[in-house]
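Numbering (the working numbering), first residue to last: 1 to 589.
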């Protein structure tokens, strides 16, 4: 799912107040008479606390009550357009590099240097890995961030007579200058090397995903599903030097049988939404607070409801606080046109530039937003981190009283929420990890693999079909706006399997054409296109991308079958859709 459009679906910064329902804690007697499964599965609906600031320095040491698995899913669709001097959708990657990926790397590296055990799980999808390691996009990012440094310098001068705005302008100058310096000098343009180093130092665990984040239940052929998973696994090995141990199923979309493919690729676990476990068969004894083992032997970890609400909810989530930066008020629209025009794309259309001077404020129009105060926002990030940790301690204690083992609270989020959509989210995450490490002993951070190593015996279950999209199933990706896509996709999948079996040992030009056909099919299968169409953002681009890949696939199919491959046209397509240079078309056989 396209991260830059998904967040708008799940939360929006609407309120400066947090209204948490006050509920009396369940007594021991109440717990005995309550349906245990419902309590375990949806306890977050029964207990919430008001935002408070706590200090744990004077608390007596406590026994460990539970475990917390924070999982960040970093994904963007493969967007690379060398045929254009500039391209709007490439900005999705560039914004995420400056606002999310580099800041997160800094946080994890600094935590490691301070001896803090982060033990956070990070999912880096194959499409994102391919873009981050692409020299062409790396060069374009440098141009992008250098223009923002230049604009920030002008902003510092322009706002010199307004102390409030000038302080924020200087913040942006420091932010973009640091991003450029880290990208060019510390990371030598390839952020994957830094993520790999963190994993090799046992600071984090990195997950793989489907090759192009395809919605697996909507792929009808087993061979095509397997190709998504196996290609993703091979790409992971290329970038990280070892086989992955876990996978983020695209959109957390699951149905029975997918776990068998994961087992074949030697994957130990996947992440799913709460209802996949709660509505599975048999009912889970531990609710969503322990993984279940699927019929194939792969573990499924269900998403916790309460931690999702605290971060994602439009009415209760932290990012909606009035002191945080307002995402939708941007210099690209506020600044004088002639002033900002050099920093817009070639079409001159106003767009977000990433320099924002206003805060959420509350339920007011954009024009009534008040000026952003970085110090207020930074303080609020610390307060909310304190509340989050306190809530996890209370949650762990409540669950520990009814479970026969330490509860595991699984908290998965889109990585791009932190820093991009929620500018202070990276600060929040840093505070959460440090507070868990230094200020308490009730809750310990773990990865799914840590948990399986400590608790290898878990309940056997067949999880239910599910996704983490709106309403929990498949409607976001399969509806009246998108159903036309799957007829073409399924025919292409049939044809690719046919080609792979018809040419078991192709060479030279035919092999190149077959590999490119596989690339085009994988790119067409991306779940991002259907999601963008459903949510109404960049719709024409998504439709064009899907149609272009299907068209190229069908043309390659006809060329191969007729033995009339056009080498010049093939070379042009190979130059444009460069993803997965390691691909082997026989993965479809």
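All residues carry an ideal CB built from backbone N, CA and C; glycine is no exception.
From residue i to residue j, what does the alpha carbon distance come to, in whole angstroms?
i, j, result
"residue 239", "residue 426", "25 angstroms"
"residue 492", "residue 156", "53 angstroms"
"residue 385", "residue 111", "16 angstroms"
"residue 389", "residue 436", "7 angstroms"
"residue 410", "residue 126", "23 angstroms"
"residue 146", "residue 89", "18 angstroms"
"residue 75", "residue 438", "31 angstroms"
"residue 227", "residue 488", "18 angstroms"
"residue 14", "residue 378", "Any reading at residue 14 needs caution, since the residue's pLDDT is 24, under 50, leaving its predicted position unreliable; the model's value is listed next. Using only the alpha carbons, I get a separation of about 19 angstroms."
"residue 510", "residue 540", "33 angstroms"
"residue 394", "residue 479", "41 angstroms"
"residue 372", "residue 486", "45 angstroms"
"residue 453", "residue 83", "49 angstroms"
"residue 578", "residue 80", "9 angstroms"
"residue 309", "residue 519", "37 angstroms"
"residue 196", "residue 71", "16 angstroms"
"residue 553", "residue 224", "14 angstroms"
"residue 441", "residue 317", "25 angstroms"
Measuring alpha carbon to alpha carbon, tell me which residue in the options is nearest residue i.
i, options, result
"residue 244", "208, 274 and 116", "208"
"residue 148", "289, 291, 173 and 253", "173"
"residue 590", "309, 276 and 312", "Coverage of the chain is limited to positions 1 through 589, which leaves residue 590 absent and any answer about it impossible."
"residue 531", "514, 477 and 524", "477"
"residue 319", "399, 423 and 106", "423"
"residue 222", "237, 233 and 258", "258"
"residue 184", "141, 154 and 452", "141"
"residue 94", "394, 397 and 416", "416"
"residue 119", "471, 485, 99 and 198", "198"
"residue 322", "267, 406 and 360", "360"
"residue 186", "206, 102, 452 and 86", "102"
"residue 572", "516, 557, 232 and 370", "516"
"residue 462", "267, 97 and 300", "300"
"residue 117", "497, 473 and 433", "433"
"residue 230", "266, 175, 196 and 215", "266"
"residue 473", "490, 232, 549 and 215", "215"
"residue 576", "136, 355 and 73", "136"
"residue 400", "495, 419 and 443", "443"
"residue 144", "87, 109, 191 and 128", "87"
To which residues of the same chain is residue i closer than 6 angstroms at the C-beta, ignoring the five residues directly before and after it?
i, result
"residue 22", "In this prediction, residue 22 has a pLDDT of 26, which is less than 50 and means its spatial position is unreliable; nothing more can be read from the coordinates."
"residue 352", "330 and 332"
"residue 303", "273, 274, 410 and 412"
"residue 39", "For residue 39, the predicted structure reports a pLDDT of 37, less than 50, and the residue's modelled location is therefore unreliable. The matter cannot be settled from this model."
"residue 182", "102"
Taking Cβ positions, are residue i and residue j nearer each other than 8 angstroms?
i, j, result
"residue 447", "residue 177", "no"
"residue 644", "residue 189", "The requested residue 644 does not occur in the structure, where the chain is confined to residues 1 to 589."
"residue 527", "residue 250", "yes"
"residue 270", "residue 261", "no"
"residue 248", "residue 335", "no"
"residue 586", "residue 513", "no"
"residue 212", "residue 523", "yes"
"residue 153", "residue 78", "no"
"residue 281", "residue 459", "no"
"residue 194", "residue 105", "yes"
"residue 284", "residue 451", "no"
"residue 449", "residue 115", "no"
"residue 406", "residue 65", "yes"
"residue 295", "residue 255", "no"
"residue 107", "residue 445", "no"
"residue 529", "residue 252", "no"
"residue 179", "residue 98", "yes"
"residue 403", "residue 289", "yes"
"residue 337", "residue 151", "no"
So, at 7 angstroms on beta carbons, what are the nonlocal neighbours of residue i in its own chain, with the 5 sequence-adjacent residues on each side left out?
i, result
"residue 166", "156, 159 and 160"
"residue 347", "none"
"residue 481", "533 and 534"
"residue 369", "326, 329, 358, 359 and 361"
"residue 464", "275, 276, 279 and 280"
Using a Cβ-Cβ distance cut-off of 8 angstroms, determine whether residue i contacts chain B.
i, result
"residue 564", "Here there is only one protein chain, and chain B is not present."
Can you list, in chain order, the residues of its chain whose CB lies under 8 angstroms from that of residue i, leaving out five sequence neighbours each side?
i, result
"residue 582", "234, 235 and 238"
"residue 574", "512 and 516"
"residue 164", "371 and 373"
* **Every unbroken alpha helix (DSSP H) inside the segment 275-334 [4 residues or more]** => 305-312 and 331-334
* **Length at least 4, wholly inside the segment 488-575: the alpha helix (DSSP H) runs in chain order** => 508-524, 527-535 and 539-562
* To do: Only counting runs of 3 or more residues, tell me where the beta strand (DSSP E) segments fall wholly within the segment 222-270, in order along the chain.
  => 246-248
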